[in-house]
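Undergrad: Note that the working numbering has the sequence shown beginning at 199, numbered continuously upward.
All C-beta atoms in this analysis are idealised placements derived from N, C-alpha and C, irrespective of residue type, glycine included.
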Amino acid sequence: MLQDSFGREFHYLRLSITDVCNFRCTYCLPNGYEGKPEQTFLSLDEIRRVCAAFGAAGTRKIRITGGEPSVRKDLADIIPMVKATPGIEKVAITTNGYRLPELVDQWADAGLDALNLSIDSLDPGVFQSITGHSRLHELLNGLDRAIELGIPSIKVNAVMLRGLNDKQFEPFLNWLKTKPITLRFIELMQTGDNSEFFARHHVAGEQLRLWLLDNGWNQALRAVDAGPAQEFYHPDYQGRVGLIMPYSKDFCSTCNRLRMDSTGKLHLCLFSDTGIDVRPLLKSDDQRDELIEFLNNHLRDKKVSHFLQDGESGGTRHLAMIGG
Ligand code: SAM
Ligand code: SF4
Ligand code: SF4
């Protein structure tokens, strides 16, 4: 098992397959994708080798992310390939849902275990003003289809934004009465590019946590291998609420994830200063053990937490770079 010098075990990999995105979320890529066209993303063979090494080193879950993973044409090949990797028990995806209605059947057939869909508002106008896209209706249809198909874990991510979607909690909660999903409110994180936006729109999740506890919601016990989200349930609601509060005390003490960006750089933290290039170790299947040793050596340098509370977001300009 991959382990750092603080005894944290890493059984979860977030693997970005592209940093390209077709949305313009105000907190992430307000001007749309501005990457370098000459950039070459990991090939299918390289992705297979990353998964093989992590699977052999004890990783049990891989989340495919981006940028927007569904802009990659070979995503339909990537999902079953990740799923077939020895050691990997769960394959998940995080998506803006742009192509969800047309792709979700294919993903379910390929064995997708978990779908995280980003929906920052249920109001089409607010949704459009945050994401730059007007496809909320299609996206919600795609979500219903995912539920119908029985994808085992379905979560919706909503970033809390003061003055933009903070009037949406009530409709969101009403929606959960009949939706068997987990809706996770994420505290806005400061990145290199969004400092001004962060200062205007950050809302602390603690207020919502206290409100939930005062209004009949109960905090669920954390599984031993759970990540940093806190979950709440209510007897009158089919859905659950999750809270991701990266500025809260001890957020990083349960860190169980590593990240690989779409050009083959390992990020020990979402807010690390720089990525560590593993691409030279992805040239042939024979390099697997060398790659595992490389990972173990670098894990010793993983820091105890992020330093966001000091306004330091490392080298992360926006989360589309690494995969959120
Ligand atoms: N494009 C896909 C999507 O939006 O679901 C996957 C990548 S996106 C970077 C992953 C998640 O990060 C999304 O749920 C998004 O809302 C969230 N995110 C992006 N920037 C963020 C920020 N500055 N603070 C908090 N969450 C952020
Ligand atoms: Fe694209 Fe996701 Fe960033 Fe929105 S949050 S701009 S959908 S990468
Ligand atoms: Fe782990 Fe870094 Fe996220 Fe903290 S901020 S949970 S250390 S990846």
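Let me know the secondary structure DSSP gives residue 176 once reduced to three states.
TA: No information on residue 176 is available, as it lies outside the stretch 199 to 522 that the chain covers here.
Undergrad: I need the residues with a C-beta less than 5 Å from some heavy atom of ligand 2; please give them in chain order.
TA: Taken from the N-terminal end onward, the list reads 219, 221, 223, 226, 227, 294, 518.
Undergrad: Could you check if residue 149 belongs to the surroundings of ligand 3, using beta carbon to heavy atom distance under 8 Å?
TA: What is shown of the chain runs 199 to 522, which leaves residue 149 out entirely.
Undergrad: Check whether the Cβ atoms of residue 214 and residue 438 sit closer than 9 Å, and answer yes or no.
TA: No. Outside cutoff.
Undergrad: Residues in the same chain with beta-carbon distance under 6 Å from residue 302, minus the five sequence neighbours each way, listed in chain order, please.
TA: 340, 343, 344, listed in sequence order.
Undergrad: Under 9 Å between the Cβ atoms of residue 329 and residue 315?
TA: The answer is no: Cβ separation not under 9 Å.
Undergrad: Using C-beta distances below 7 Å, list every residue in its chain close to residue 288, excluding the 5 sequence neighbours before and after it, in chain order.
TA: 258, 259, 311, 312.
Undergrad: Taking DSSP as the reference, what is the three-state secondary structure of residue 505?
TA: The answer is strand: DSSP assigns residue 505 an E or B state.
Undergrad: Where does the unbroken alpha helix (DSSP H) through residue 408 begin, and where does it stop?
TA: Counting along the chain, the alpha helix (DSSP H) containing residue 408 begins and ends at 404-412.
Undergrad: Is it the case that the CB of residue 314 approaches a heavy atom of ligand 1 more closely than 8 Å?
TA: At least one heavy atom of ligand 1 is nearer than 8 Å to the Cβ of residue 314, so yes.
Undergrad: How big is the Cα-Cα spacing for residue 433 and residue 468?
TA: Spanning the two alpha carbons is a distance of roughly 35 Å.
Undergrad: Whole angstroms is fine: what's the gap from residue 216's alpha carbon to residue 392's?
TA: Cα to Cα, residue 216 sits roughly 21 Å from residue 392.
Undergrad: For the alpha helix (DSSP H) containing residue 237, name the first residue and the last one.
TA: Unbroken run through residue 237: none, as it is neither H nor E.
Undergrad: If the criterion is Cβ atoms closer than 9 Å, does the pair residue 305 and residue 286 meet it?
TA: No, the pair does not count as a contact, with Cβ atoms beyond the cut-off.
Undergrad: Does the contact criterion of 3 or more C-beta pairs under 8 Å hold for the region 216-236 versus the region 266-273?
TA: In short, these stretches touch, since the Cβ pair count reaches three.
Undergrad: Short of 6 Å in beta carbon distance, which residues of its chain neighbour residue 206, apart from the five on each side in sequence? Order them along the chain.
TA: Result list for residue 206: 453, in chain order.
Undergrad: Sort out for me which residues DSSP pairs residue 381 with in a bridge.
TA: Paired residue(s): 354, 439.
Undergrad: What ranges does the alpha helix (DSSP H) occupy inside the region 467-517, keeping only unbroken runs of at least 4 residues that lie completely in it?
TA: Listed in chain order, they are 486-497.
Undergrad: Identify the residues that DSSP records as bridge partners of residue 523: which are they?
TA: Residue 523 lies beyond the range of the chain shown here (199 to 522); nothing can be said about it.
Undergrad: Looking only at C-alpha atoms, which of 240, 228, 517 sits nearest to residue 389?
TA: Minimum Cα distance to residue 389 is reached at 517.
Undergrad: Does the region 372-391 come close enough to the region 409-425 that 3 or more CB-CB pairs lie under 8 Å?
TA: No, the region 409-425 does not touch the region 372-391.
Undergrad: First and last residue of the beta strand (DSSP E) that includes residue 449?
TA: Here residue 449 belongs to no beta strand (DSSP E), and DSSP marks it neither H nor E.
Undergrad: Just the C-alpha distance for residue 498 and residue 203, rounded to the nearest angstrom, thanks.
TA: Residue 498 and residue 203: Cα-Cα distance of roughly 5 Å.
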